[in-house]
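Number of protein chains: 4
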Amino acid sequence: MAEFTPDAQTPARRGRGRRPADQVRAEILTAAGELLLAEGMAGFTIEKVAAHAGASRMTIYKWWPSKGALALDGYFTVVAPTLAFADTADIVADLTNQLVAFVHLVRDTTAGRVISQLIGQAQTDPELAAAYRERYSGPRRALAVETLTRAMARGQLRPDIDSESVVDQLWGACYHRLLIADLPLTEDFARTLVDNLIRGLR
Amino acid sequence: MAEFTPDAQTPARRGRGRRPADQVRAEILTAAGELLLAEGMAGFTIEKVAAHAGASRMTIYKWWPSKGALALDGYFTVVAPTLAFADTADIVADLTNQLVAFVHLVRDTTAGRVISQLIGQAQTDPELAAAYRERYSGPRRALAVETLTRAMARGQLRPDIDSESVVDQLWGACYHRLLIADLPLTEDFARTLVDNLIRGLR
Amino acid sequence: MAEFTPDAQTPARRGRGRRPADQVRAEILTAAGELLLAEGMAGFTIEKVAAHAGASRMTIYKWWPSKGALALDGYFTVVAPTLAFADTADIVADLTNQLVAFVHLVRDTTAGRVISQLIGQAQTDPELAAAYRERYSGPRRALAVETLTRAMARGQLRPDIDSESVVDQLWGACYHRLLIADLPLTEDFARTLVDNLIRGLR
Amino acid sequence: MAEFTPDAQTPARRGRGRRPADQVRAEILTAAGELLLAEGMAGFTIEKVAAHAGASRMTIYKWWPSKGALALDGYFTVVAPTLAFADTADIVADLTNQLVAFVHLVRDTTAGRVISQLIGQAQTDPELAAAYRERYSGPRRALAVETLTRAMARGQLRPDIDSESVVDQLWGACYHRLLIADLPLTEDFARTLVDNLIRGLR
DNA sequence: CGATAACCGAGACGGTACGTCCCGTCTTCTC
DNA sequence: GAGAAGACGGGACGTACCGTCTCGGTTATCG
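Chains as they are written, first to last, in full-length UniProt numbering: chain U, 1 to 202; chain F, 1 to 202; chain W, 1 to 202; chain B, 1 to 202.
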């Protein structure tokens, strides 16, 4: 039997009827996030989430269109999405720092596994794919593009650069090693990526 | 003999006893490949493969460790893997041609969807991940690295380049757009990738 | 969305606040009766009744103790209960007429199916069983007993007859064929029942 | 019984794969019968039966078309169906004895409740209704008719009697009191039923 | 060259999870 | 306030596959 009582002060009896929607949502999301970190996408089951959250499966089905959508929401609930992007005058340093930070995130925390599995699930779950693009990859890509654009404005980079493709060649290269781990994803690798490109971009 | 059913009018019905292992394997792989192209990884089920192949699930479990491994083998059976890599004297043309061909493969044929879903499945299926690296991504990466190495030997590229990272910045960038389709994967995009890099690599 | 507007002048949106209790009750009962005739006890659901009546399930739970009780009330609302029992001087004719009428009721109208299903439901629903006895079978049995008693008083039947048992042997025999349809319930059967008994009752 | 492996020391762990069908069927039926006697048709759930039998729900769905069919089979498994019908020279005694025995069966054992609930369920479950007629009520009715026929042949009853209707007026009257308990089902009632009829039947 | 062992198909088994339906309870908002 | 609206926890439904296991039958191999 699943027993999951994160807060000991709400011990046993919860009413059968309606509870505030926000509270239920929060509990479901927390349970989803924790389950995701604990077991990964395999083993991430609506049934288990419902059991851990003390909620009904029906409630989950009403609010999330797919298992992936719930997982994504749960992930964001547990792993606070830090979108900060330091913008100093040195574009090379900025890119390198950001890229290195990303490498450490996906390598040294549980986030890496979760992200890769979310992307994996998204290949067969259009709802998740759309949500992922809209809420995760899209904003991050935009941030990086913005940084590049500012550097172009400052004259640090050639003005005719296709920023989007540069993003694919920096972050996309890292995702490549994350998702198809022929070779390890290291800090040096991240630095090399910037190096390779920067000569042509200036 | 109480019952006599000549083979001709019961084409479907195949004997129940032992058949040559190779024949069974071949039929299973063909069925797997066809099912994969027809329905994608979702809907790709060992049960369905067994039914299409007229084989027993038990037989499949004996030879393939996971659903993904079977799918990968089935894919290779149906989609003949062309590994040719034209190697002219012009490294830029070679890279561009190869990259553009890749873009067309994943965009204009069913292969793209299958590949992305195989990679997706590999995120939670270590057996498949290993097989994919060993039999698909590894050889292709090696081929590209080899081409770059030859260009370096010919003096067309700087000798201190990390070829592997370049591969990630060309093919990995394409995979990025394939797997996280924030932006479309176009022929122009492929050309831009080479452009961006080549200035710094020479 | 369930939309069920029996009267055209209240087309769609009815206010959410309080409405007269009697009106609500009436609408619920009508909806219950119609649903009962339309779908039988299977498919008779408090949820559906509420939706058809434009009422809240809560309101139903407040007034009816069980699904069966609601169904019974609904049945009485739609099928007006005719309790008339012609009482001529001829006891044989009276019994036969009444019995034949009963046979036609349960055979040629939807009432038969509903009654049998109500009795069926009553086997596991004590509330319904009690209500059914009190409001349906009890009064009818009393009427029949009364008729027999009058015939005894007139000297048409022996005075030491147990009228109740006779009712069971007439109507009960019909219910037997209704509920356990080994043999059809026909008009001839009804006549035979009276025949069989009358010889001993006189 | 070719094989008998009395491994009493491994009662708990049962293999995951296929087990002899007959053994599984037997366990399911026993569990069904016990659950039926314990909780009645309400509370009789395929899920519970599966759990008690240590079987999969799928297995049950494969063999029984409806909940009622399973309940009926389970009932027969636990309550051995005794069809004996003593046939002495005295038709009155025979009928009375059989009827009184029936009254005691349904009044003094759990069988009564189960039978009534099975009949109840049969009102909305055609599969069960058919099975009940074929396997329970039909044979019993036939036995009674046979007895009556023999008595007619012996000259104890008039030869133009409709035996079937007599059965309805004896057993059907009892079922009437069982299913619609306006009045109690007593031994005296059973004797009265025979009394009422016999005068006219001779 | 006929017995036998290997191995396949067929498919049932215990499970897990799915997505749906309805129950009876409870809260919120409106008239 | 009473009633509609409707979400909530719960439980059972029937389905789809999973991975395991037994059975019956055929065929290749070997005595």
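Built from N, CA and C at the ideal position, the CB exists for glycine as well.
Test: residue i CB closer than 7 Å to a CB of chain B
i                 : result
THR124 of chain W : yes
GLY200 of chain W : yes
Beta-carbon separation (whole angstroms), residue i vs residue j, contact threshold 8 Å
i                      : j                 : result
residue 205 of chain F : LEU197 of chain U : Only positions 1 to 202 of chain F appear in the structure, and residue 205 of chain F is not among them; the question remains open.
THR45 of chain U       : ALA42 of chain F  : In fact, because the Cβ distance is near 17 Å, the residues do not count as touching under 8 Å.
LEU70 of chain W       : VAL49 of chain W  : 7 Å
ASN97 of chain W       : ALA89 of chain W  : Actually they do not touch by this definition, with Cβ atoms about 13 Å apart.
TRP63 of chain B       : ARG19 of chain B  : With a Cβ gap of about 14 Å, TRP63 of chain B and ARG19 of chain B do not count as contacting.
GLY40 of chain U       : VAL114 of chain U : 7 Å
Beta-carbon proximity of residue i to residue j, cut-off 7 Å
i                      : j                 : result
GLY120 of chain U      : GLY120 of chain F : yes
TYR75 of chain U       : GLY33 of chain U  : yes
LEU99 of chain F       : LEU170 of chain F : yes
THR110 of chain W      : LEU37 of chain W  : yes
SER165 of chain F      : THR30 of chain U  : no
ASP160 of chain W      : ALA173 of chain B : no
ASP182 of chain W      : GLY138 of chain B : yes
VAL194 of chain B      : LEU95 of chain B  : yes
VAL103 of chain U      : GLU47 of chain U  : no
GLY68 of chain U       : LEU148 of chain U : no
TYR175 of chain B      : HIS176 of chain W : yes
SER116 of chain F      : LEU185 of chain F : no
TYR136 of chain U      : ALA122 of chain U : no
residue 213 of chain W : ALA151 of chain W : Past the edges of chain W, shown from 1 to 202, lies residue 213 of chain W, and the structure says nothing about it.
is_contact[residue i, chain F] using C-beta, thresh 7 Å
i                 : result
GLY68 of chain U  : no
ASN196 of chain U : yes
ARG140 of chain U : no
ILE115 of chain U : no
GLY33 of chain U  : no
GLY120 of chain U : yes
ARG150 of chain U : no
Beta carbon proximity, residue i to chain W, threshold 7 Å
i                 : result
ALA42 of chain B  : yes
THR109 of chain B : no
ILE46 of chain B  : no
Min CB distance residue i to chain U below 7 Å
i                 : result
THR192 of chain F : yes
ILE91 of chain F  : no
ARG135 of chain F : no
Legend entry - chain F contacts made by the region 159–185 of chain U, where a contact means CB separation under 9 Å: ILE161, ASP162, GLU164, SER165, VAL166, VAL167, ASP168, GLN169, LEU170, TRP171, GLY172, ALA173, CYS174, TYR175, HIS176, ARG177, LEU179, ILE180, ALA181, ASP182, LEU183
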